[in-house]
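Numbering (our numbering), first residue to last: 2 to 496.
Below is one structure, written out as structure tokens; comments come after it.
The following block contains the structure:
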């Protein structure tokens, strides 16, 4: 796993401990190299969320600077570098110190290293230091602005993992490494006996903490993965439920409109038969009562009269009206949905409640909304619209194919042309009539209004020339009067 380093926000110093060949020096070099690469304008191999400070200077004391020629020991070489760095480093610097205080008496070296780190902390110099001193582990734990860190080491393979754990000091693992390298067990036992009890307890405690931390990290990772999977399933479930609800609403709305269309056609047919029966009854009354023939030996069964037919048709009309009420109660209109705080705009997908059709908003002018309904474009009032999720297309790509094969697609019972120009209205009428006929509807209504009369005249002339229209008539009083035209696609039954 790549090294992950942070310093400068919640703490300005980091003290890294751990075994030799554990990766401490690699961590220091990685931090310094990436900072310099970023400041040189180079891309760095880091996560996209990585954040680096621009430092005025980066100082490092890494490696062994002993020199026989200059009479410098390891300790002297480190001190010579460090003295020069301390003279120049300030709050705008990054300081990397490897094996701070090494090369001299451990007690004095630890005390000197602690004093140097305290001095740098007071000056605000951001510092990353590596060490083997246990005293510096206590310094990192108890000093505000300082954090302990450790590098993991695989004691079985004797290889570093290059994984940095911030917040926990590391173990030296010196005895374990020596044993793996072949040092006799007797020597190791004697070395363990020479350790202070507190040192042994500390090493065992660190080993237990590191083991527990790895287990917790593994459990945290598993929990995070499980949470991600559950969130993904929740999103899929929500989408599925939404799609099911949309399909249910579409099916109910289509069934309601289809039932209304069929009931309307049946009622229209019954009304036609009723008018003819009433005319026939009036004709019989006008001719008077015919002469009664001589009574036969046995009475003949009574013939149905025109009055009986009228009564039967009126009863059928009442039954159709009652059936329409049952349909309305059984298949209610879908509940209106709030358009939401955001106003409608071009590209929004909406449903025209009165027509049961889905379309896409083209333009909004006040309360009037121009829509694209399949191949038709029309203007409706915003109060007649429900906003739909953007993922639902305005018109399914296979909708026209379904209608072309004669299936009962959802086509509104009427087309409102008010607010359109004549050219737009005629184009809308042509598309609407073909869709209505192919869906099996016996008749439809076109609302053109009165206005100047241009739209009404153009529509009725187009209907007269249409090859798919059997006949058309002005609307009755309850159908919009002369501001509407009822169109029939097939001849009415003679009854």
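For each residue, glycine too, the CB sits at the ideal point set by N, CA and C.
- The region 123-136 and the region 11-21 touch, with no fewer than 3 CB-CB distances between them shorter than 8 angstroms.
- Shown here for residue 136: same chain residues with a beta carbon closer than 6 angstroms to its own, the five before and five after excluded, namely 111 in chain order.
- In this structure, the straight-line span from the alpha carbon of residue 280 to that of residue 317 is close to 18 angstroms.
- Secondary structure at residue 258: helix, using DSSP grouped into helix, strand and coil.
- Our two residues, residue 416 and residue 222, have alpha carbons roughly 59 angstroms apart in a direct line.
- For residue 21, the three-state secondary structure derived from DSSP is coil.
- Bridge partners of residue 98 according to DSSP: 62, 130.
- Comparing alpha-carbon positions, the option among 489, 241, 7, 358 lying closest to residue 471 turns out to be 489.
- Judged by DSSP in its simplified three-state form, residue 168 adopts coil rather than helix or strand.
- For residue 459, the uninterrupted alpha helix (DSSP H) segment begins and ends at 455-466.
- For residue 418, the three-state secondary structure derived from DSSP is coil.
- Bridge pairing for residue 318: absent [DSSP].
- Residues of the same chain with a CB within less than 8 angstroms of the CB of residue 182, apart from the 5 flanking positions on each side, are 159 in chain order.
- Pairing residue 487 with residue 461 gives a Cβ-Cβ distance that is not under 8 angstroms.
- Within the same chain, and ignoring the five residues on either side of residue 360 in sequence, the residues whose Cβ sits closer than 7 angstroms to its Cβ are 351, 353, 372, 373, 374, 395.
- The alpha carbon of residue 114 has as its nearest neighbour, out of 95, 141, 93, 450, the alpha carbon of 141.
- The beta-carbon separation of residue 41 and residue 89, rounded to 20 angstroms, does not stay under the 8 angstroms limit for a contact.
- Setting aside the 5 residues that flank it on each side, residue 161 is surrounded in the same chain by 22, 23, 24, 27, 152, 153, 154, 155, each with a C-beta closer than 8 angstroms to its C-beta; the list follows chain order.
- For a cut-off of 8 angstroms, the C-beta gap from residue 31 to residue 4 is around 5 angstroms, short enough to register as a contact.
- Using a 10 angstroms sphere on the CB of residue 238, the tally of other CB atoms stays under 16, which defines it as exposed.
- Shown here, residue 447 sits in a strand according to DSSP, grouped into three states.
- At the C-beta level, residue 414 and residue 449 stay beyond 8 angstroms of one another.
- Pairing residue 430 with residue 463 gives a Cβ-Cβ distance under 8 angstroms.
- In the DSSP secondary-structure assignment, residue 148 is bridged to 15.
- Taken atom to atom, the span from the alpha-carbon of residue 78 to that of residue 103 is near 11 angstroms.
- Secondary structure of residue 372 (DSSP, three-state): strand.
- Here residue 412 is not bridged, per DSSP, to any residue.
- Between residue 80 and the set 427, 117, 35, the nearest pair of CA atoms involves 117.
- Taking 8 angstroms as the cut-off, the beta carbon of residue 178 is found no closer than this to the beta carbon of residue 148.
- In terms of CA proximity to residue 193, 176 leads the group 176, 322, 438.
- At the C-beta level, residue 435 and residue 484 stay beyond 8 angstroms of one another.
- Minimum Cα-Cα distance from residue 96 among the listed residues 120, 109, 363 corresponds to 120.
- In this structure, residue 459 lies near residue 423, with their beta-carbon atoms less than 8 angstroms apart.
- Here residue 93 carries a coil assignment [DSSP, helix/strand/coil].
- Spatial neighbours of residue 234 in its own chain (CB-CB distance under 6 angstroms, excluding positions within 5 residues in sequence) are not present.
- For residue 122, the enclosing alpha helix (DSSP H) begins and ends at 107-124.
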